[in-house]
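What the sequence shown shows, in the numbering used here, is residues 805 to 951, in sequence order. Backbone N, C-alpha and C define an ideal beta-carbon position, used for all residues, glycine too. One structure is given below, encoded as structure tokens.
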Amino acid sequence: MSGGAPAIVVIGVGNPHRRDDGVGPALARRLQAKLPRGLRHAVERGDDVARLVAAWEGADTAYLIDAALSADPPGTLVIHDGAAAWEHAAPRDPSSHGSGIGEAIALSRALGSLPRDLRVISVVGADFGHGEGLSPALAARLDHLAD
């Protein structure tokens with residue numbers, strides 16, 4: 805980045821065809837208008853390790869926004885130190901859904917390309933069924949979450 809400013813990237817992780825699982829991309833798009841000039845922005849599906857690693861490549865700081873399952877109310881945010889949260893996570897079994905954030909962190913760590921500061925922002929969802937559009941409960945909180 806020019807002027808010696810640290811490279812910062814915001815990545816929305818999720819599948820917009822699975823209702824609230826699309827909150828990451830939806831929130832990243834919403835934030836795009838609010839982010840200071842010079843910040844990189846990407847919207848990715850979280851099942852492609854190579855795309856996630858490429859999205860934060862060269863960044864000093866990366867914020868990943870992803871949906872979460874929880875008993876907490878829809879729209880509840882939890883911020884994790886991404887590298888520490890997945891440091892000892894076991895890799896997932898291979899599946900038709902590919903890999904995810906944990907595998908991307910492990911690969912990036914092995915390649916020496918992990919951002920210095922990686923934060924995963926989990927947003928509690930309510931409906932992860934098939935279909936586009938966030939659940940009414942989560943859609944009603946999207947502007948608040950972006951602020």
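Member of the options whose CA lies at the smallest distance from the CA of residue i
i: His-884; options: Asp-947, Gly-906, Pro-878; result: Gly-906
i: Thr-880; options: Asp-824, Ile-812, Ala-811; result: Asp-824
i: Pro-878; options: Val-817, Ser-926, Gly-916, Leu-911; result: Ser-926
i: Ser-874; options: Phe-932, Val-928, Gly-886; result: Val-928
i: Asp-870; options: Arg-855, Leu-911, Ala-830; result: Ala-830
i: Asp-852; options: Ala-866, Val-882, Tyr-867, Ile-909; result: Ile-909
i: Val-817; options: Leu-839, Leu-911, Ala-866; result: Ala-866
i: Leu-911; options: His-934, Pro-840, Gly-828, Val-857; result: Val-857
i: Val-847; options: Leu-839, Gly-828, Pro-840; result: Gly-828
Expected contact under 8 Å - CB spacing of residue i and residue j to nearest Å
i: Arg-844; j: Ala-950; result: So it is not a contact: roughly 18 Å between Cβ atoms.
i: Val-814; j: Ala-832; result: 5 Å
i: Arg-855; j: Gly-886; result: The pair is not a contact, with the Cβ atoms about 16 Å apart (cut-off 8 Å).
Own chain, CB closer than 8 Å to residue i, minus 5 neighbours either side, in chain order
i: Asp-864; result: Pro-810, Ala-811, Ile-812, Pro-919, Arg-920, Asp-921
i: Glu-936; result: Pro-820, His-821, Arg-823, Gly-826
i: Gly-933; result: Arg-822, Arg-823
i: Arg-945; result: Pro-878, Gly-879
i: Leu-839; result: Val-814, His-845
Any non-hydrogen atom of the ligand GTP closer than 6 Å to residue i Cβ
i: Gly-904; result: As far as ligands go, the structure on display features none, and thus does not contain the ligand GTP.
Same chain only: Cβ atoms within 6 Å of residue i, ignoring 5 sequence neighbours per side
i: Arg-896; result: In this prediction, Arg-896 scores a pLDDT of 48, lower than 50, which makes its location untrustworthy; the coordinate-derived value is nonetheless stated afterwards. So no residue of the chain qualifies.
i: Arg-913; result: none
i: Ala-894; result: Model confidence at Ala-894 stands at a pLDDT of 49, short of 50, so the residue's coordinates are unreliable; what they give is reported in the following sentence. Taken in chain order, the list of residues that qualify is empty.
i: Ala-872; result: Ser-926, Val-928
i: Leu-868; result: Ile-815, Val-817, Val-924
Cβ-based neighbour list, residue i, same chain, cut-off 7 Å, excluding 5 preceding and 5 following
i: Ser-899; result: Summary for Ser-899: the model assigns pLDDT 34, below 50, so the residue's position carries little reliability; its value from the coordinates is reported in the next sentence. Answer for Ser-899: no residue qualifies.
i: Glu-861; result: Ser-917
i: Asp-876; result: Val-928
i: Ala-859; result: Val-813, Ile-815, Ala-846, Glu-848
i: Leu-942; result: Asp-824, Val-827, Pro-878, Gly-879, Gly-929, Ala-930
Neighbour flag for residue i against chain C, beta carbons, 7 Å
i: Val-857; result: This model lacks chain C altogether; it includes just one protein chain.
Short Cβ contact (7 Å threshold) for residue i with residue j
i: Ser-939; j: Asp-931; result: yes
Open item on the list: What ranges does the alpha helix (DSSP H) occupy inside the stretch 857-943, keeping only unbroken runs of at least 4 residues that lie completely in it?
Closed with: 886-889, 905-915, 940-943
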